[in-house]
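According to our numbering, the sequence shown holds residues 230 to 723 in order.
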Amino acid sequence: MSLPRPHGPSRRSILRGAAVAGAATALTPLVNVPAAQAATTGNYTIRFDNGRRQTILGLGFEIQSDSIGSGNNGLPDLVSGVPYDLTDSERARFYRQMLKAGRSDRGFRYCRLAMGLYYRGLDPTRTLIKGRYDGQTALLADMIRRAGIEGTSVEYWSPAPGWKNNDSYIGGRLKSFDPAFLSRFGDALVADLDYLTDGGVPVSMWGLQNEPRYDTPYSSCVYTAGEYLAAFKASAAKVRAAHPNVMITADSLDGWSGDIGRAIAADPHALDLVDAWTYHHIGADSDQHVYQNWTSGAAGKPVFNNEFEYLQPPANETWGDRRTINTAQSIMSWMTFQNAPTWFWLHALKPTTNAESPHYSLGFWRPPHDTDFSRFPDLPARHWTWNPRNWNGVAGFVKYMPWNSVRYHVDESAILGDQRIMAWKTPAGKPVFAITNRSTTQSFTYTIDTQTAARFEGYRYGPRTNNQALGPKNGPNVTMVVPPLSVEFWVRTP
Numbered sequence: 230m231s232l233p234r235p236h237g238p239s240r241r242s243i244l245r246g247a248a249v250a251g252a253a254t255a256l257t258p259l260v261n262v263p264a265a266q267a268a269t270t271g272n273y274t275i276r277f278d279n280g281r282r283q284t285i286l287g288l289g290f291e292i293q294s295d296s297i298g299s300g301n302n303g304l305p306d307l308v309s310g311v312p313y314d315l316t317d318s319e320r321a322r323f324y325r326q327m328l329k330a331g332r333s334d335r336g337f338r339y340c341r342l343a344m345g346l347y348y349r350g351l352d353p354t355r356t357l358i359k360g361r362y363d364g365q366t367a368l369l370a371d372m373i374r375r376a377g378i379e380g381t382s383v384e385y386w387s388p389a390p391g392w393k394n395n396d397s398y399i400g401g402r403l404k405s406f407d408p409a410f411l412s413r414f415g416d417a418l419v420a421d422l423d424y425l426t427d428g429g430v431p432v433s434m435w436g437l438q439n440e441p442r443y444d445t446p447y448s449s450c451v452y453t454a455g456e457y458l459a460a461f462k463a464s465a466a467k468v469r470a471a472h473p474n475v476m477i478t479a480d481s482l483d484g485w486s487g488d489i490g491r492a493i494a495a496d497p498h499a500l501d502l503v504d505a506w507t508y509h510h511i512g513a514d515s516d517q518h519v520y521q522n523w524t525s526g527a528a529g530k531p532v533f534n535n536e537f538e539y540l541q542p543p544a545n546e547t548w549g550d551r552r553t554i555n556t557a558q559s560i561m562s563w564m565t566f567q568n569a570p571t572w573f574w575l576h577a578l579k580p581t582t583n584a585e586s587p588h589y590s591l592g593f594w595r596p597p598h599d600t601d602f603s604r605f606p607d608l609p610a611r612h613w614t615w616n617p618r619n620w621n622g623v624a625g626f627v628k629y630m631p632w633n634s635v636r637y638h639v640d641e642s643a644i645l646g647d648q649r650i651m652a653w654k655t656p657a658g659k660p661v662f663a664i665t666n667r668s669t670t671q672s673f674t675y676t677i678d679t680q681t682a683a684r685f686e687g688y689r690y691g692p693r694t695n696n697q698a699l700g701p702k703n704g705p706n707v708t709m710v711v712p713p714l715s716v717e718f719w720v721r722t723p
């Protein structure tokens, strides 16, 4: 069973509109404010009158539905993943509390599905990918249906081993780049999508290869720019013909900026197959997307970050707390300054057994085989819990920014790195704005002309704060004093 398509404009038409809106707003060269000169106040006007910008499709996450070795090392035979390991009641709570963020309708829009890694079963020819254990596909379909997710972002960490020169998911390259071989390869990738959709797992996005420059100790496949271009043209054309509503992305690392992206941009046929450019600015300071232009070489196509996490533990507690606000500001800066239509965190849940889990996840689950209760002593097997520093940086956007919200421009007295503002209207026309303070020591006072006399209700998030009610403020002119390390969402009522 597959989900019905959402009503309204297609994803590709929304993306074209986003590109046009973004092209109308050139980025201003900016200079960061040194910490010693950091401002403590700012004046802002939300242009709900004539400042309409891009449509924000909704946010995405990745699901670890199979096992990986701790430290991202190897592909164990062990069957372990989510939602497989969770009890029925914990699955329901996971879908309701995290994937829908407590909303009554829909939260996250996209689920990134790592083909050849967390979805790595094979047919007898070893050229087609399917679920590795009984019920894996059905569990994913059930999760998508019950959580109200539109569909998967299908991306290959590795194609099936039968297409590779080392007959393995780990490392290696394609066996050949002969046109006849690539035509058969493209047919197989379409067959993988057909298998998913026939199994009730809808597909919203497709990418040829995750991080195609890297040979890793887990699933990977390395491409040169010329090899990627040839494989992309052969396979993306077939995906477009067989699944015309699927958003095709490239290159899931460097977007248009790297060797692969430049090769695509120089080839009119390949460029026509790209719907959006995807980047991995993993753990990046949000200033990078305020003060640098990532749209200049995009050929009018949208750009977005489809993987964000932190690779290493923070240097200290203060910098760990600062990450919460940096995550929120990454979302806001990509959307405000790069007109991005979406943004992806990496993993919804990671297991208690993987060393990388605290930096990669929005929450943790304890697999049945984990009997070491020195870690998470209060978490029973087959249950999950929150990773607050990461989750609280994302949660407010999932809760208060419904699918197809429209961003509006904000006039700022000064564009600051540690204090950000973003405003949007929900599809129902309700104004909402978010404000942040990434400073670790000083409060910041926002004076905002909201251009509406309506009442706004506030909700605060931080490293240890989630959806704290702040009470009402009446527009049009409001003043908010935002404490250090805070993100606030102000929602028009009723």
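Think of the CB as a built atom: it goes at the ideal place given N, C-alpha and C, for glycine as much as any other residue. Since the model is a prediction, treat every value here as computed from it, not as a measurement.
- Note: Lys-654 is bridge-paired with Val-635, Pro-660 in the DSSP secondary-structure output.
- Contact between Thr-356 and Trp-392 is confirmed by a C-beta separation of about 6 Å, below the 8 Å threshold.
- Spanning the alpha carbons of Val-720 and Thr-316 requires a straight line of approximately 35 Å.
- In chain order, Arg-341, Leu-575, His-576 place their CB closer than 6 Å to the CB of Glu-291, counting only its own chain and leaving out the 5 sequence neighbours on each side.
- Contact check for Phe-533 against Trp-485 fails: the beta carbons are separated by 8 Å or more.
- Of the candidates Ala-682, Thr-681, Pro-713, Lys-702, Pro-713 places its Cα closest to the Cα of Thr-694.
- Ser-590 counts as buried, since no fewer than 16 other beta carbons sit within 10 angstroms of its beta carbon.
- By the C-beta criterion, the stretch 631–651 is judged to be in contact with the stretch 270–277, since at least 3 inter-stretch pairs fall below 8 Å.
- Distance between Arg-611 and Pro-631, taken at the CA atoms: about 30 Å.
- Take Leu-368, set aside five residues on each side of it, and the residues of its chain with a beta-carbon closer than 7 Å to its own are Pro-312, Tyr-313, in chain order.
- Less than 8 Å separates the beta-carbon of Ser-634 from that of Thr-655.
- Judged by DSSP in its simplified three-state form, Gly-691 adopts strand.
- Counting only runs of at least 4 residues, the stretch 592–630 fully encloses the following alpha helix (DSSP H) elements, listed from N- to C-terminal order: 617–629.
- Between Gly-436 and Thr-524, the beta carbon gap of about 19 Å keeps them out of contact (Cβ cut-off 8 Å).
- When DSSP states are grouped into helix, strand and coil, Pro-587 belongs to the helix group.
- With a minimum length of 3 residues, the unbroken runs of beta strand (DSSP E) contained wholly in the stretch 277–315 fall at 281–285, 289–291.
- By the neighbour-count criterion, in which 16 or more other beta carbons inside 10 Å mark a residue as buried, Asn-545 falls on the exposed side.
- In this structure, Ala-494 sits near Ala-528, with a CB-CB distance shorter than 8 Å.
- Membership of Gly-436 in any alpha helix (DSSP H) is not indicated; the residue belongs instead to the beta strand (DSSP E) covering 432–436.
- Under the three-state reduction of DSSP output, Ile-511 falls in the coil class, being neither helix nor strand.
- Fully enclosed beta strand (DSSP E) runs of no fewer than 3 residues occupy 380–385, 432–436 of the stretch 359–440, in order along the chain.
- Only residues of its own chain outside the window of five on either side were considered, and among them Leu-699, Glu-717, Trp-719 have a CB closer than 6 Å to the CB of Gly-687, listed in chain order.
- When secondary structure is reduced to three states using DSSP, Lys-329 falls in the coil class, being assigned neither helix nor strand.
- The beta carbon of Val-639 sits closer than 6 Å to the beta carbons of Tyr-273, Ile-275, Ile-650, Ala-652 from its chain, once the five residues preceding and following it are set aside; these are given in chain order.
- A contact is defined here as three or more CB-CB pairs under 8 Å, and the stretch 398–415 fails this definition with respect to the stretch 498–517.
- Beyond the five residues adjoining it in sequence on each side, Glu-641 comes within less than 6 Å, by CB distance, of Tyr-273 in the same chain, given in chain order.
- DSSP places Thr-571 in the coil class of the three-state scheme, outside both helix and strand.
- Collapsing the DSSP output to three states places Pro-723 in coil.
- Counting other Cβ atoms within 10 Å of its Cβ, Pro-408 stays below 16 and is therefore classed as exposed.
- Counting along the chain, Val-503 sits inside no alpha helix (DSSP H), nor does DSSP assign it H or E at all.
- Rounded to the nearest whole angstrom, the CA to CA distance from Asn-568 to Phe-277 is 17 Å.
- Here Pro-570 is buried: its Cβ has 16 or more other Cβ atoms, across all protein chains shown, within 10 Å.
- Listed as beta-bridge partners of Val-468 by DSSP are no residues whatsoever.
- Ala-584 and Gln-680 have their alpha carbons spaced roughly 48 Å apart.
- Pro-596 counts as buried, since at least 16 other C-beta atoms from the protein chains shown sit within 10 angstroms of its C-beta.
- Of the candidates Leu-482, Thr-722, Val-711, the residue whose Cα lies closest to the Cα of Ala-268 is Val-711.
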